[in-house]
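Trainee: First residue of the sequence shown: 28, per the working numbering; consecutive thereafter.
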Amino acid sequence: MSLTAALVLASALLHAIWNTAAKSVGDRWVSSALMGCGYLIAGLVTVLLRPSPDPESWPFLITSAILQVVYLLLLTSAYQHGDMSRLYPLIRGLDPLLVTIVALTVLGERISGWALFGIGMLCAGLAVLALGRGLPRRGDGIGLAVLTGCCIAAYSLVDGIGVRHSGEAIGYAGWMFVIQAPLLIITARWRGGADLVPRMRPHAIKGIVGGLLSFLTYGIVVWAQNRMPLSMVAALRETGVVWAVLLGAVLLRERLSRRGVIAAGLALAGAMLVDLT
């Protein structure tokens, strides 16, 4: 296993850990505002210590920051209409599928047939996790989930192109969070209500640490996008969904069926196949 692939897999596990912590808060706007605070702290420290990205990357950087706030709004709306345990694997599973299609057909990337097969296995495993209890009914948030997945793929592609124009992956990540943090905090305040700040206080440490972990995972991903095909990075990153399901079962006592275990194994096997090729 290459160092780059190992770090992306580690970032997926970290992503699952902070996502589980955010879920335990029980208030998405509180966790979003607190993560925004963590983003701002990490971003400011990074931009003070690292060079700024090249000017050619700034349009991509700003576009991605906006797309990630749109993603949060879509994700929250989807969860208001459907079950998170069903929608989240579907949302995240669309990312490697769409990124692979665009990267191969538009950006001219080349990957092996085995890597492509592994991506297909991973997407199939995530689809089984999402649809394990049957097809969702009208009004279950399926349309919003698809839009959210498309938004993730869009900012993944924008970041992948932007970081390759930046000349400085970590500086790119730092400025991304400096730009994104105020947008995230303002959005959380707008949607979270007038009593948002008092609701934040009991969860302050957990939320800010989650924001710092999120910055670390994002920094690893954009660094890897400069060294690996975007389709492979997207596939390895989405193993975080499997870890999130397993952590939810262990820490939050969420139900995990035999089919869910098989689907998780299929997704992980696909990710390993991507890495080995």
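In this text, a Cβ means the ideal position worked out from N, Cα and C, and glycines have one as well.
Buried or exposed: Gln95, going by 16 or more other Cβ atoms within 10 Å of its Cβ?
Mentor: Locating residue 95 in the sequence shown gives position 68, where the first residue counts as 1. Looking at its Cβ environment, which holds 16 or more other Cβ atoms inside 10 Å, Gln95 is buried.
Trainee: So, with DSSP's three-state summary, where would you put Met313?
Mentor: The displayed coordinates of the chain run from 28 to 304. Any statement about residue 313 would go beyond what the structure contains.
Trainee: Go through the region 41-107 residue by residue and report every complete run of the alpha helix (DSSP H) that reaches 4 residues or more, in order.
Mentor: Runs of the alpha helix (DSSP H) inside the region 41-107: 55-76.
Trainee: With DSSP run on the structure shown, which of helix, strand or coil describes Ala297?
Mentor: Your numbering for residue 297 matches position 270 in the sequence shown. First, the residue type needs correcting, since residue 297 is Gly and not Ala in the sequence shown. Helix at Gly297.
Trainee: For Ile212, which three-state DSSP category applies?
Mentor: Working through the sequence shown from its first residue, we reach residue 212 at position 185. Three-state DSSP puts Ile212 in a helix.
Trainee: Report the option in Ser104, Ala196 and Val288 whose CA atom is closest to the CA atom of Trp56.
Mentor: Indexing the sequence shown from 1 puts residue 56 at position 29. Nearest C-alpha to Trp56: Ser104.
Trainee: Please confirm whether Leu257 and Gly145 have their CB atoms less than 7 Å apart.
Mentor: Start at 1 with the first residue of the sequence shown, and residue 257 comes out as number 230. Start at 1 with the first residue of the sequence shown, and residue 145 comes out as number 118. Result no, Cβ atoms of Leu257 and Gly145 do not sit closer than 7 Å.
Trainee: Between Gly198 and the rest of its own chain, which residues show a CB-CB distance below 8 Å, the 5 nearest in sequence each way excluded?
Mentor: Taking the first residue of the sequence shown as 1, we reach residue 198 at position 171. Hits under 8 Å: Thr73, Val74, Arg77, Pro78, Ser79 and Pro80.
Trainee: Measuring CB to CB, does Arg254 end up less than 7 Å from Thr31?
Mentor: The residue given as residue 254 occupies position 227 in the sequence shown. The residue given as residue 31 occupies position 4 in the sequence shown. Yes, the Cβ-Cβ distance between Arg254 and Thr31 is below 7 Å.
Trainee: What residues in its chain sit with their C-beta under 8 Å from that of Met227, if we drop five residues either side in the sequence?
Mentor: For the purposes of this step, residue 227 is identified with residue 200 of the sequence shown, where counting begins at 1. Closer than 8 Å at the Cβ level, and outside the excluded window around Met227, lie Val57, Ala60, Leu61 and Gly234.
Trainee: What residues in its chain sit with their C-beta under 7 Å from that of Val269, if we drop five residues either side in the sequence?
Mentor: On the sequence shown, position 242 is the one that residue 269 refers to. Correct list, in chain order: Ala291, Ala294 and Leu295.
Trainee: DSSP state of Gly145, grouped into three classes?
Mentor: For the purposes of this step, residue 145 is taken as the residue at position 118 of the sequence shown. DSSP places Gly145 in helix when its eight states are reduced to three.
Trainee: Would a C-beta distance cut-off of 7 Å place Arg218 and Ala39 closer than the cut-off?
Mentor: Counted from its first residue, the sequence shown places residue 218 at position 191. Counted from its first residue, the sequence shown places residue 39 at position 12. Their beta carbons are not under 7 Å apart, which means Arg218 does not touch Ala39 by this criterion.
Trainee: Just checking my contact of Tyr66 with Thr175 at CB under 8 Å: how many whole Å lie between their CB atoms?
Mentor: Reading the sequence shown from its first residue, position 39 is the one you call residue 66. Reading the sequence shown from its first residue, position 148 is the one you call residue 175. The Cβ separation is near 20 Å, so there is no contact.
Trainee: Could you check which residue in Ala251, Ser183, Gly189 and Tyr115 has the C-alpha nearest to that of Pro86?
Mentor: Residue mapping note: residue 86 aligns to position 59 of the sequence shown, counting from 1. Considering only alpha carbons, the answer is Gly189.
Trainee: Please work out which residues of its chain come closer than 6 Å, Cβ to Cβ, to Ala172, disregarding the five sequence neighbours upstream and downstream, and give them in chain order.
Mentor: If you number the sequence shown from 1, residue 172 lands on position 145. Counting only Cβ-Cβ distances below 6 Å, and skipping sequence neighbours, we find Ala105, Leu114, Leu117 and Ile118.
Trainee: Could you give the DSSP three-state label for Ala276: helix, strand or coil?
Mentor: Position 249 of the sequence shown, counting from 1, holds the residue named residue 276. Reduced to three states, the DSSP call for Ala276 is helix.
Trainee: Do Gly63 and Ile179 have their CB atoms nearer than 7 Å?
Mentor: Within the sequence shown, the letter at position 36 stands for residue 63. Within the sequence shown, the letter at position 152 stands for residue 179. No, these two residues do not count as a Cβ contact at 7 Å.
Trainee: Return yes when the Cβ of Met259 is within less than 7 Å of the Cβ of Val301, no when it is not.
Mentor: The residue labelled residue 301 in the question sits at position 274 within the sequence shown. The residue labelled residue 259 in the question sits at position 232 within the sequence shown. Yes; because the gap between Cβ atoms is below 7 Å, this pair is in contact.
Trainee: For a test of the three-state rule: what should DSSP assign to Val133, helix, strand or coil?
Mentor: In the sequence shown, counting from the first residue as 1, residue 133 sits at position 106. Here Val133 sits in coil by DSSP.
Trainee: What residue from Leu274, Gly168 and Val277 has the CA that sits closest to Gln107's CA?
Mentor: Against the sequence shown, residue 107 aligns to sequence position 80. Residue Gly168 is the option with its Cα nearest to Gln107.
Trainee: Please list the terminal residues of the continuous alpha helix (DSSP H) segment that includes Ile221.
Mentor: Looking up residue 221 in the sequence shown gives position 194. Reading the sequence as shown, one finds Ala at residue 221 and not Ile. Per DSSP, Ala221 belongs to no alpha helix (DSSP H) and is neither H nor E.
Trainee: Measure from the alpha carbon of Pro184 to the alpha carbon of each residue in Glu195, Val133, Ile247 and Asp54, then state which is nearest.
Mentor: Your numbering for residue 184 matches position 157 in the sequence shown. Sequence check: residue 184 is Leu here, not Pro. The candidate whose alpha carbon is nearest that of Leu184 is Val133.
Trainee: Is DSSP giving Ser183 helix, strand or coil here?
Mentor: One-based indexing of the sequence shown puts residue 183 at position 156. Ser183: helix per DSSP, three-state reduction.
Trainee: Helix or strand or just coil, what does DSSP make of Ile138?
Mentor: The count along the sequence shown starts at 1 and reaches residue 138 at position 111. DSSP places Ile138 in coil when its eight states are reduced to three.
Trainee: Could you have a look at Arg282 and say whether DSSP puts it in helix, strand or coil?
Mentor: The residue labelled residue 282 in the question sits at position 255 within the sequence shown. In the structure shown, Arg282 sits in coil (DSSP, three-state: anything other than H, G, I, E or B).
Trainee: What residues in its chain sit with their C-beta under 8 Å from that of Ala37, if we drop five residues either side in the sequence?
Mentor: For this step, residue 37 is matched to residue 10 along the sequence shown. Excluding residues within five positions, the ones whose Cβ falls inside 8 Å are Ile247.
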